[in-house]
Amino acid sequence: MNKKNAKAVRYNKWGYIFLMPFILVYMVFQFVPMVTTIYNSFFENYKAGLTQVGPNFVGLGNYQKLFESGDLWIYAKNTLVIWVMCFIPQIFLSLLLGAWFSDVQLKLKGSRFFKTVIYLPNLIMASAFAMLFFTLFSDGGPINSLLMQIGFIDTPYKFLSNTGSARGIIAFLNCLMWFGNTTILLMAGMMGIDTSLFEAAEVDGATSGQIFFKITLPLLRPILVYVLVTSLLGGLQLFDVPQILTNGTGDPVRSTMTMIMYLNRHLFSKNYGMAGALSVVLFIITAILSLVVFKVTGNDKRKG
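Using the working numbering, the first residue of the sequence shown is number 143, and each one after it goes up by one.
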């Protein structure tokens, strides 16, 4: 080995040394729990009253029960419906605000203040937001009182007892919490676009709409895909807001019960076998949806 290669090896070892803490944390808190979860999913292991049943090896029995019950598809549909109701207005609002704040021609005053304000909801705990909205939209809450005072309704409207309004409140609350983060990401992408492209388009007589759809959006595609995937992952993990608003029941008629709430029920009842099976199914669904996003957006293609 010559001196140049020996020097490269000495430098490379420091890279591995700095990677070791990450690898150690990943193994302890990610890989080992994932393997344990998959292992537990093949066993019958739960408590019936004070009696511990199992662990007994049942193979794919837990998965069979999970799919035969039909609850999985109901809660998966609930989760995706709430996510779509949250994501569509969130991405439109974030694109609008991002284009507004990143437009140097507008010369907006106090833009830093407004950027801070729209990001603040992301810093507030979801449980605090959920309790606030629970109070606002309760039967005797301020929203019902206001609507009755202006004569819009005669009797209190049960917001949390109707499927559409309950889902809408959850979606609106999540949109309010996360649109600031999405706006900052999209704005950073817009500010990274070469301004000469916009200047050339204006010289050619392009309108603001044409510039946005023909230049800005195509160049934002990598960030949009990132936002879509991370939002999808967050939507599939939706738990705290509907859990608090419905006290863990998923009412009305289980229309707000999400997959993570369903998983929490199994964990609360100490049915670790079914919880493990549901976790594996959720992991597979997440992986499939992420791959679909990459295929549809064309981000899986590699240029030669």
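Backbone N, C-alpha and C define an ideal beta-carbon position, used for all residues, glycine too.
Pick out whichever of the options has its Cα sitting closest to the Cα of residue i.
i, options, result
"N449", "M403, T179, F321", "In the structure as shown, the chain starts at 143 and stops at 446, and residue 449 therefore has no counterpart that could be examined."
"L222", "F279, M401, I426", "M401"
"P175", "Y414, I159, V200", "Y414"
"N198", "L192, E186, K207, F209", "E186"
"K300", "Q206, W215, A268, F279", "F279"
"H408", "G310, F160, T305, K207", "K207"
"Q385", "G351, M403, F436", "M403"
"D382", "I266, A330, L433, T349", "I266"
"A342", "A330, K356, K219", "K356"
"L302", "I295, T178, F276", "F276"
"V438", "D393, T372, Q352, V367", "V367"
"I216", "F410, A429, D393, I426", "D393"
"G306", "I159, L202, T398", "T398"
"L387", "I311, F410, M333", "I311"
"K257", "F354, Q194, A330, G212", "A330"
Return helix, strand or coil for residue i, following the three-state DSSP convention.
i, result
"Q379", "coil"
"P197", "strand"
"F279", "coil"
"Y299", "coil"
"K219", "helix"
"A348", "coil"
"L250", "coil"
"F234", "helix"
"N286", "helix"
"G446", "Any answer about G446 is weak, because its pLDDT of 42 lies below 50 and its placement is not dependable; what the coordinates show is given next. In the structure shown, G446 sits in coil (DSSP, three-state: anything other than H, G, I, E or B)."
"D393", "coil"
"G293", "coil"
"F184", "coil"
"S411", "coil"
"I335", "coil"
"N406", "helix"
"M319", "helix"
"N304", "coil"
"M176", "helix"
"I353", "helix"
"T388", "coil"
"K437", "helix"
"L328", "helix"
"M169", "helix"
"G212", "coil"
"M267", "coil"
"M416", "helix"
In its own chain, which residues sit with a C-beta less than 6 Å from the C-beta of residue i, not counting the 5 before and 5 after it?
i, result
"D336", "none"
"K189", "K412"
"L239", "T325"
"Y205", "A419"
"K219", "none"
"W225", "G377"
"Q172", "none"
Closer than 8 Å by C-beta to residue i: which residues in its own chain qualify, once you throw out the five before and the five after it? Chain order, please.
i, result
"F115", "Here the chain covers residues 143 to 446 and nothing more, so residue 115 does not appear."
"G282", "P298"
"S253", "F243"
"L431", "L374, L378"
"L405", "A417, L420, S421, L424"
"K445", "For K445, the predicted model reports a pLDDT of 46, less than 50, meaning its position is unreliable and no value from the coordinates is stated."
"V395", "T305"
Apart from the five residues just before and just after residue i, which ones in its own chain have a Cβ nearer than 7 Å to its Cβ?
i, result
"S236", "F321, T324, T325, L328"
"F255", "none"
"L370", "V435"
"M319", "P263, N264, A268, F271"
"L166", "none"
"Q232", "C317, W320, F321, T324"
"M227", "R309, G310, A313"
Identify every residue that forms a DSSP beta bridge with residue i.
i, result
"K189", "Q194"
Using a Cβ-Cβ distance under 8 Å, would residue i count as near chain C?
i, result
"L237", "Annotation note: the requested chain C is absent from the structure, which comprises a single protein chain."
* Stretch pair the segment 282-299 + the segment 324-338: three plus CB contacts closer than 8 Å -> no
* Inter-stretch contact (C-beta, 8 Å, three-pair minimum) for the segment 408-421 and the segment 174-184 -> yes
* To do: Assess, as a yes-or-no matter, whether the segment 348-365 is touched by the segment 268-276 under the definition of 3 or more beta carbon pairs within less than 8 Å.
  => no
* contact_flag[the segment 330-350, the segment 306-319] where n(CB pairs < 8 Å) is 3 or more -> no
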